[in-house]
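Under the working numbering, think of the first position of the sequence shown as 1023, with each following residue one higher. Glycine included, C-beta positions come from ideal geometry on N, C-alpha and C.
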Amino acid sequence: MTKEVSVADKPNFLDAYIDAAAQALGIPVEPEWKSEIRANLDVTFKLAALVAEKELPDDAEPAPVYQA
1023 MTKEVSVADK PNFLDAYIDA AAQALGIPVE PEWKSEIRAN LDVTFKLAAL
1073 VAEKELPDDA EPAPVYQA
């Protein structure tokens, strides 16, 4: 069985990502917030991996956009 690799195993990557995203968006990030942000990103990337591994048939169509 292979070990699941999480982006949380790479804190330098996440710290760099947090810093770059905060700078690009002009959002101030306090140093004490980084552990919570890192945990949130870890969950987000895990969920994204679940979605990405789902194979869709060739005839899959996107859902229509409904407007109220």
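May I ask you to report which of helix, strand or coil DSSP gives Val1051?
coil
From what residue to what residue does the alpha helix (DSSP H) around Glu1083 run?
First-last for Glu1083: undefined, no H or E at that position.
For Arg1060 versus Leu1078, is the C-beta distance shorter than 8 Å?
no
Whole-angstrom Cβ separation of Ala1042 and Val1051, contact assumed at under 8 Å?
Not quite, the Cβ-Cβ distance comes to about 11 Å (not below 8 Å), so this is no contact.
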